[in-house]
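K.L.:
If you want it as structure tokens, here you go:
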């Protein structure tokens, strides 16, 4: 049965000689995997494989069958062509990290329109921001944690949970203020935090996710993110 849905591209792997299997978080069906044929050839029209780059916002018509793990696409296009996110090193590095984390925490389950709307709004902010996005990945993880059911109410609660799980996190007053601001303020809020403190908080946030989600494991994009943004 053909159905329309919006989606957010997360990742893809090669499949056979010319095709891919793409993972997409959809508004209507949650996390889904789609076989996309004939996109890895010189004759592929319109460079369709670019539609599956990290965080691309999609409009799709899909063949959806509840008893299948792999689905097929009938039509696909981007709903918001990117002008900066894939082309600016800092933004593309953030996108790589965000998609890796989403691939780890999102499950094949019923859709969540509220979560989908949050993700779309987050992607659009990152695409359109010209300043004050250097803390986006930190703020994103904090805000996403509420949708996943373990969001901390304050910096003190965040620190307490880490200490209870033997993670050595001892922030100073500046980091406490930055954490509380990220929890309570929207994206784009100017937040004072040093490069070293940003790295320390990033590691603490990944550890916080690992405490709550056993399957997180190693986050391979972390070294690049630390180097580019800190």
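Numbering (the numbering used here), first residue to last: 2 to 231.
Positions of the beta carbon are idealized from the N, C-alpha and C atoms, including for glycine.
Treat the numbers as computed from the prediction; the structure is a model and nothing was measured.
#1: Helix, strand or coil: how does DSSP classify residue 62 here?
#2: Please state whether DSSP places residue 16 in a helix, a strand or coil.
#3: Quick one: what's residue 90 bridged to in DSSP?
#4: In the DSSP output, what is residue 168 paired with across the bridge?
#5: Out of curiosity, what's the CA-to-CA distance linking residue 89 and residue 213?
#6: Measuring only the C-alpha atoms, how far is residue 109 from residue 32?
#7: For the segment 126-142 and the segment 78-96, state whether three or more C-beta atom pairs, one from each stretch, are separated by less than 8 Å.
#8: Given residue 8, which residues of its chain have a CB within under 6 Å of its CB, disregarding the five upstream and five downstream residues?
#9: Could you round the C-beta distance between residue 1 and residue 230 to whole angstroms and report it? I think they count as a contact, below 8 Å.
#10: Tell me, please, whether the segment 143-151 touches the segment 111-119 by the rule of three or more beta-carbon pairs shorter than 8 Å.
#11: Going by alpha carbons, who is nearest to residue 21 out of 156, 184, 49, 2?
#12: How would you write the range of the alpha helix (DSSP H) that residue 140 sits in, first residue to last?
P.N.:
From the atom records:
#1: strand
#2: strand
#3: Residue 90 pairs with nothing; no bridge assigned.
#4: Partner(s): none; residue 168 has no beta bridge.
#5: 32 Å
#6: Spanning the two alpha carbons is a distance of roughly 5 Å.
#7: Segment contact: the segment 126-142 against the segment 78-96, three or more CB-CB distances shorter than 8 Å; contact assigned.
#8: 25, 27, 59, 61
#9: The shown model of the chain, from 2 to 231, leaves out residue 1, and the question about it has no answer.
#10: The segment 143-151 and the segment 111-119 touch, with no fewer than 3 CB-CB distances between them shorter than 8 Å.
#11: 49
#12: 137-148
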